Amino acid sequence: MWQLNEITKQSLQQQAQQRPADIYKSIAGKVLLLTGSFEYPGAALLSLAAARKSGVGYACLDVARDLIPAFAARYPGALYQPRVSADSAEFSGTLSSLLSNYDAVLIGCGRGINSTTGQELKFLLMHANNLIIDADALRLLAELQAQGELAPLLATRQRLNLATPVILPHYGELKSLYQVLASAGCSLTAADYALLSQIEDEAARRRLTAALLVQKAYQVNIVVKGVPTYCLVDNQCWYNTDACNALAKAGSGDVLAGLLAGLLAQGFSAASAMSIAVYVHCRAAIVLSERSSSTRTVMPEDLPAAFAAVFASIDLAC
145 MWQLNEITKQ
155 SLQQQAQQRP
165 ADIYKSIAGK
175 VLLLTGSFEY
185 PGAALLSLAA
195 ARKSGVGYAC
205 LDVARDLIPA
215 FAARYPGALY
225 QPRVSADSAE
235 FSGTLSSLLS
245 NYDAVLIGCG
255 RGINSTTGQE
265 LKFLLMHANN
275 LIIDADALRL
285 LAELQAQGEL
295 APLLATRQRL
305 NLATPVILPH
315 YGELKSLYQV
325 LASAGCSLTA
335 ADYALLSQIE
345 DEAARRRLTA
355 ALLVQKAYQV
365 NIVVKGVPTY
375 CLVDNQCWYN
385 TDACNALAKA
395 GSGDVLAGLL
405 AGLLAQGFSA
415 ASAMSIAVYV
425 HCRAAIVLSE
435 RSSSTRTVMP
445 EDLPAAFAAV
455 FASIDLAC
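So the sequence shown is numbered by my numbering: it starts at 145 and just counts up by one.
Following this line, the structure appears as structure tokens:
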């Protein structure tokens, strides 16, 4: 049976993990970000900023070599890895080496829908333990499902006992993932219907219905972005009723993805990382909106600076 739980300050305080005073960077979490491209360089910067503000010891951005000097000038404390084309003989070896050094991996934000991103996604599905899939990579994930290529990748993943991937679709991405499921053979269970019966809003119920079917077919945990935001993980449905229209701007999702990746890299369970990320992301927007008396002027790049205040409110500042 599904458990329906609201994400609140009190529920997150119960999950608080204090950082030891003598912690050092090598054990504070290492996150790898396969984000950004020449077309969408900002997505890389936003996800990187959020991951670093989550508290990780190391954040490494895999991005086009020509972008690295400008990015390093902006964030000198981050690590950088030149992106390797899928056509290169070094492709698999480079990714394997990277994965051996990092605790969580994010792919998709501004990465581009191209053959190299597709090959990166396939490789990560078979080899990356704590994997977060977002944005462009979600489109490619739907293509793998439509072409019948996803099932064997997931079988390999299960055989290696890798953690369940996390996806973060907005409603349009969720529909794309759902619309290719005609041949997947998934259907709702009695437990699913029992969960849906507790959702009064019809639009929210439609989103959650699609998410339940996507979760089964793609074998993922899901952050279903929207109002409310739902987190489907470990037979639990966590929901956040906070809302702030300051987040209705391109780039907000990149910040959420980077924050979630950073939390997973630090050893939080999937349920805790997803719930904390959703809450901190939205509350940061609310904090900034209250400070400026405007939601219109709050930009996605402003959000990481407000994480500290929200972390403190849920006893995660230290």
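Every residue gets a Cβ at the ideal spot worked out from N, C-alpha and C, and that includes glycine. Source: prediction; values computed, not measured.
Is SER191 close to chain B, meaning its C-beta is less than 8 Å from at least one C-beta of that chain? Considering every chain present, this structure includes no chain B. It has just one protein chain.
Extent of the continuous alpha helix (DSSP H) run through GLU234: No alpha helix (DSSP H) contains GLU234, which DSSP labels as neither H nor E.
Considering only their Cβ atoms, is the gap separating ARG301 from MET270 smaller than 8 Å? yes
Who are LEU304's beta bridge partners in DSSP? Note: LEU304 sits in no beta bridge, so no partner.
The alpha helix (DSSP H) spanning GLU150 covers which residue range? Run containing GLU150: none in the alpha helix (DSSP H); it sits in the beta strand (DSSP E), 147 to 150.
So who's on the other strand from VAL310, going by DSSP bridges? ILE276, ASN365
Let me make sure I understand the geometry here. Which of ALA338, LYS369, VAL364 has the alpha-carbon closest to that of ALA347? LYS369
For the 8 Å Cβ check, are there 3 or more pairs between the segment 389 to 407 and the segment 182 to 193? yes
Measuring alpha carbon to alpha carbon, tell me which residue in ALA417, CYS253, ASP231 is nearest ASP259. Correcting the residue type first, residue 259 is Ser in the shown sequence and not Asp. The shortest Cα separation from SER259 among ALA417, CYS253, ASP231 belongs to ASP231.
Determine, using beta carbons only, whether ALA195 and ALA203 come nearer to each other than 8 Å. yes
Decide yes or no for the touch test of the segment 292 to 312 against the segment 331 to 340: beta carbon pairs closer than 8 Å, at least 3 of them. no
Would a C-beta distance cut-off of 8 Å place ALA429 and ALA390 closer than the cut-off? yes
Sheet register partners of ALA248 (DSSP bridge): VAL175
With a 10 Å radius around its C-beta and 16 neighbouring C-beta atoms as the bar for buried, classify CYS462 as buried or exposed. exposed
Is the beta carbon of LEU321 sitting closer than 8 Å to the one on LEU285? yes
Say whether the segment 174 to 182 touches the segment 405 to 416, bearing in mind that this needs 3 or more beta-carbon pairs closer than 8 Å, one atom from each stretch. yes
I'd like to know whether the C-beta atoms of LYS360 and CYS381 end up nearer to each other than 8 Å. no
Going by other Cβ atoms of all chains shown within 10 Å of its Cβ, with 16 needed for buried, is LYS197 buried or exposed? buried
In DSSP terms, what CYS381 is bridged to: LEU148, LEU376
Take LYS266 and list the residues in its own chain whose beta-carbon comes closer than 8 Å to its own, dropping the five residues that flank it on each side. LEU288, GLU293, LEU297
Span of the beta strand (DSSP E) holding PRO226? 223 to 226
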